[in-house]
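Down below is the structure, laid out as structure tokens.
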Amino acid sequence: MNEFERLAGGHIQALGVDIMQVNLGLRCNQSCTHCHVQAGPERTELMDEATMALVLGAAQALRPRLVDITGGAPELCPVLRPLLDGLFHAGLAAQVRTNLTALFEPGQEDMFEFYRARKVGLVASLPCYLEENVRAMRGSGVYERSVAALRRLNELGYGQAGRGDDALTIDLVYNPGGAFLPPGQCALEADYRRELLARHGLVFNRLLTIANMPLGRFGEGLRRSGQEAGYRELLRQSFNPATLDGLMCRRQINVGYDGALYDCDFNMVLGLRVNHAAPGHIRDFDADLLRGRLVMTGPHCLACTAGGGSSCGGELVAVQPTAE
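Going left to right, the sequence shown walks through residues 374 to 697 as our numbering numbers them.
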């Protein structure tokens, strides 16, 4: 029994497969300091057409509530467009996790309109509403291009809750800029709304706060700075049992760029495939076996149960603001 299971009181069992998360590969036009998959321009790992076809077939058979597409920068994988076309024509809801700046890369000139035409929901990473903080995490020029992308998406109808096509959602994602937990999602969302509207006239649907996993570049940074032990202890001390029911691994399956099946994208980084009693590759996809599988866990899972909890869908339980 690992440290997570000890605190959780035993194994975690899946409760269904409502979301199929698909990682298209590790190529990205950025090299962010918090990236758990260590994506970057030099990475060559990408999903091929044959694997994409298997993913599409499994999604059509499973009919999940949502197909959640991630990377890297999904826009830089050639199979993104045919995958989205297939999902759209099958009547399946899809969302793409975008870093926004990839929308300005060569060959992506029509991607804004492509997303809109296929009613693709977007989850956009924007680690802060302040330029200096974004520059520290993502480099020079990223903030300006992110704002330009959000402005164009707003012009196309994204983020206009109640005033347009409700399928055109754009949620923003906040990751902490250091070895600390995210603040309460509700209060931070109010800050983002106020500041982005006042500074740039931008609107969005929701803000999602996601804790940094001690993996990938963030994990390397912790080790270099001597903060790894302290951060892992923070996660352990902040364990919140109220988050266990909402853990994303209990209601989703993750498909790696090579077709391997995982409980989450973080387990993909560690090579922790789904429990051996369940099929381990998309070619052997069996929804019934996957729905009730035991989840593969480890000490890294404590990042999802710390404080208000964390998932690809944001906070799991509301964090009350600290009294002044």
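Virtual Cβ for every residue (Gly too), placed ideally from N, Cα, C.
**Asked** How many Å lie between residue 527 and residue 380 at the Cα?
**Response** 44 Å
**Asked** Are residue 417 and residue 591 close, meaning C-beta to C-beta below 8 Å?
**Response** no
**Message:** For residue 501 and residue 662, what's the separation of their Cα atoms in angstroms?
**Reply:** 40 Å
**DSSP three-state assignment for residue 655, whether helix, strand or coil** = helix
**Prompt:** Are the beta-carbon atoms belonging to residue 425 and residue 455 less than 8 Å from one another?
**Reply:** yes
**Message:** Could you tell me the alpha carbon to alpha carbon distance between residue 714 and residue 390, rounded to whole angstroms?
**Reply:** This structure does not reach residue 714, given that the chain is present from 374 up to 697, and the question cannot be answered.
**Asked** Should residue 618 be labelled buried (16 or more other beta-carbon atoms within 10 Å of its own) or exposed?
**Response** exposed
**Request:** Can you give me the Cβ contacts of residue 601 inside the same chain, cut-off strictly under 8 Å, excluding the 5 residues immediately before and after it?
**Result:** 587, 592, 595
**Prompt:** Is the Cβ-Cβ distance between residue 412 and residue 440 less than 8 Å?
**Reply:** no
**Message:** Among the candidates 552, 556, 505, 489, whose CA atom is the shortest distance from the CA of residue 525?
**Reply:** 489
**Prompt:** Are the beta-carbon atoms of residue 629 and residue 641 separated by less than 8 Å?
**Reply:** yes
**Message:** My output table needs one value for residue 638: the three-state DSSP class, helix, strand or coil.
**Reply:** helix
**With 16 other Cβ atoms within 10 Å as the buried cut-off, status of residue 386** = exposed
**Message:** Is there a Cβ of chain B sitting closer than 8 Å to that of residue 462, yes or no?
**Reply:** Among the protein chains of the structure shown there is no chain B, as only one such chain exists.
**Message:** Using the three-state DSSP reduction, which class does residue 538 fall into: helix, strand or coil?
**Reply:** coil
**Request:** Assuming residue 569 contacts residue 575 (C-beta within less than 8 Å), just tell me the rounded distance between them.
**Result:** 4 Å
**Request:** Go ahead and label residue 697 buried or exposed: buried means 16 or more other beta carbons lie within 10 angstroms of its beta carbon, across all protein chains shown.
**Result:** Any reading at residue 697 needs caution, since the residue's pLDDT is 42, under 50, leaving its predicted position unreliable; the model's value is listed next. Residue 697 is exposed by the Cβ-count criterion.
**Asked** Beta-carbon separation of residue 541 and residue 530 under 8 Å?
**Response** yes
**Message:** Quick test of your reading: residue 478 and residue 448, contact by CB under 8 Å. State the CB separation rounded to the nearest angstrom.
**Reply:** 7 Å
**Prompt:** In the DSSP assignment, what residue or residues form a beta bridge with residue 646?
**Reply:** 635
**Prompt:** To which residues of the same chain is residue 579 closer than 6 Å at the C-beta, ignoring the five residues directly before and after it?
**Reply:** 544
**Message:** Can you tell me which residues form a DSSP beta bridge with residue 394?
**Reply:** 441, 627
**Request:** Please classify residue 507: does DSSP put it in a helix, a strand, or coil?
**Result:** helix
**Request:** Give the DSSP-derived three-state secondary structure of residue 523 in the structure shown.
**Result:** helix
**Proximity to residue 539 [Cα-Cα], best of 403, 686, 493** = 493
**Request:** Go ahead and label residue 636 buried or exposed: buried means 16 or more other beta carbons lie within 10 angstroms of its beta carbon, across all protein chains shown.
**Result:** buried
**Message:** Alpha carbons only, please: which of 551, 547, 552 is nearest the one belonging to residue 564?
**Reply:** 547
**Asked** Exposed or buried, what is residue 657 when buried is set at 16 or more other beta-carbons lying within 10 Å of its beta-carbon?
**Response** exposed
**Asked** Quick one, are the C-beta atoms of residue 556 and residue 583 less than 8 Å apart?
**Response** no
**Item:** Given residue 560 as reference, the closest of 399, 681, 419, 398 once Cα atoms are compared
**Value:** 681
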